[in-house]
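Let me begin by presenting the structure, written as structure tokens, before commenting on it.
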Ligand SMILES: NC(=O)c1ccc[n+]([C@@H]2O[C@H](COP(=O)([O-])OP(=O)(O)OC[C@H]3O[C@@H](n4cnc5c(N)ncnc54)[C@H](O)[C@@H]3O)[C@@H](O)[C@H]2O)c1
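Numbering (our numbering), first residue to last: 13 to 379.
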């Protein structure tokens, strides 16, 4: 059986490639080696392993034809990410790229057994809240800039009081807060539509924040772990947005790989959406403190400022995937240790970190 992994030179894709190879699958990777994630060359962790490497772009039909020919399964992970303001790129790569995959499969009648798509927790936006006074449930709009500028961080109910947050469930309404989230929800919808119409079993996984080695530190625009670790290792202040009390769930890449494998192999997953998280919310400030302790940096933690499209909390309910027998095995501390060890061993030049904050400010991503 041959598995095509798009974005297989990246963080989650390369770990999934290793796991598939260990199970006896042939692995083919389609990746354009996008900058700044990559330097333009195949990373050494995909070399010498017997993977078939295709340098190509998911926006290019010829590359799809070459990559899909002879494949049995597709793990579609290639994506444009973060919160940068070049909105259209998210749709060209994530949405149109996915539509083109189904187009080629349908046109060429390729007998693909299943497609597993990487979606994101970002599709939920701020999610579901309940007023503590009236009990009324509501799905808030992104907090207005004016509210953030006054450093009023909580989601407020109609009485102007902090409301109660509920972890995201797959069947709740979605309110993507930015181009990335919008491109992912559009990707899910078109994939299920074309998948059902052309009988190509399709599964979408909404990952929470994934952590572990091989997450490129060169792309320093998002990802709490890579931002805090690169700041800590360059002895710069660890910048925690808002008041640091916002909750996030951090899932280890090994648990994500296990989820990818499970839904690829299990027919019960077909045409379904699953959250993939660690099952617990952590305050971002506490997470930064963990990074500070583990790296031993003397850098201070600085709390304040905000990102334009950040949601207040982001924690996923993972009971649906647990129903298929999957369990997260790791909590964040292991990913921090593994990541620090990997970055130090790879000897990355992290000099660019000192310019990142200014760049994000100039681009309007950070307020
Ligand atoms: N890492 C996370 O925290 C996280 C969270 C939620 C969802 N996801 C999703 O998981 C998937 C994998 O993410 P990752 O963290 O491994 O990211 P990554 O950046 O390490 O890997 C993505 C890969 O896609 C490739 N790529 C980008 N544009 C491409 C294009 N046009 N054509 C071909 N290849 C292209 C990149 O070169 C890269 O190797 C993505 O779809 C992402 O949206 C990741």
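Cβ coordinates follow ideal geometry from the N, Cα and C atoms, glycine included.
My guess is that residue i and residue j are in contact by the Cβ rule of under 8 Å, so how many angstroms apart are they, rounded?
i, j, result
"residue 263", "residue 219", "7 Å"
"residue 112", "residue 88", "No, residue 112 and residue 88 are not in contact; Cβ-Cβ is about 11 Å, not under 8 Å."
"residue 129", "residue 203", "5 Å"
"residue 61", "residue 43", "Actually they do not touch by this definition, with Cβ atoms about 14 Å apart."
"residue 249", "residue 312", "5 Å"
"residue 127", "residue 36", "At roughly 21 Å, the Cβ-Cβ gap does not stay under 8 Å, so residue 127 and residue 36 are not in contact."
"residue 152", "residue 167", "5 Å"
"residue 135", "residue 193", "5 Å"
"residue 79", "residue 54", "Actually they are not in contact, since the Cβ atoms of residue 79 and residue 54 sit about 15 Å apart, beyond 8 Å."
With a threshold of 7 Å, establish whether the CB of residue i neighbours any heavy atom of ligand 1.
i, result
"residue 92", "yes"
"residue 18", "yes"
"residue 130", "yes"
"residue 219", "yes"
"residue 290", "no"
"residue 227", "yes"
"residue 71", "yes"
"residue 350", "no"
"residue 169", "no"
"residue 286", "no"
"residue 222", "yes"
"residue 23", "yes"
"residue 235", "yes"
"residue 105", "yes"
"residue 329", "no"
"residue 49", "yes"
"residue 133", "yes"
"residue 143", "no"
"residue 333", "no"
"residue 43", "yes"
"residue 109", "yes"
"residue 80", "no"
In the DSSP assignment, find the alpha helix (DSSP H) that holds residue i and state where it starts and stops.
i, result
"residue 27", "23 to 34"
"residue 195", "191 to 209"
"residue 299", "296 to 307"
"residue 240", "236 to 245"
"residue 355", "344 to 358"
"residue 271", "265 to 277"
"residue 43", "Unbroken run through residue 43 is the beta strand (DSSP E), 38 to 43; no alpha helix (DSSP H)."
"residue 77", "73 to 80"
"residue 217", "That residue, residue 217, is in no alpha helix (DSSP H); its beta strand (DSSP E) goes 214 to 219."
"residue 332", "331 to 334"
Report the option in the options whose CA atom is closest to the CA atom of residue i.
i, options, result
"residue 77", "290, 324, 25 and 115", "115"
"residue 240", "65, 59, 352 and 97", "352"
"residue 343", "29, 292, 300 and 325", "292"
"residue 180", "137, 284, 19 and 172", "137"
"residue 74", "58, 53, 120 and 29", "120"
"residue 33", "21, 49 and 15", "15"
"residue 184", "361, 150, 57 and 69", "150"
"residue 360", "245, 251 and 306", "245"
"residue 133", "162, 25 and 93", "93"
"residue 231", "144, 28 and 364", "364"
"residue 124", "70, 213 and 160", "213"
"residue 258", "29, 163, 286 and 41", "163"
"residue 98", "341, 266, 329 and 191", "191"
"residue 235", "13, 85, 95 and 19", "95"
"residue 325", "261, 170 and 107", "261"
"residue 131", "221, 216, 281 and 19", "216"
"residue 13", "140, 346, 40 and 225", "40"
Identify the continuous beta strand (DSSP E) that holds residue i and give its terminal residues.
i, result
"residue 65", "64 to 67"
"residue 107", "Residue 107 -> no beta strand (DSSP E), and no H or E assigned at all."
"residue 132", "126 to 132"
"residue 155", "Residue 155 -> no beta strand (DSSP E), and no H or E assigned at all."
"residue 176", "176 to 178"
"residue 142", "140 to 142"
"residue 285", "285 to 288"
"residue 315", "313 to 315"
For chain D, find out if any of its Cβ atoms is closer than 8 Å to the Cβ of residue i; answer yes or no.
i, result
"residue 200", "Here chain D cannot be found, since the structure has a single protein chain."
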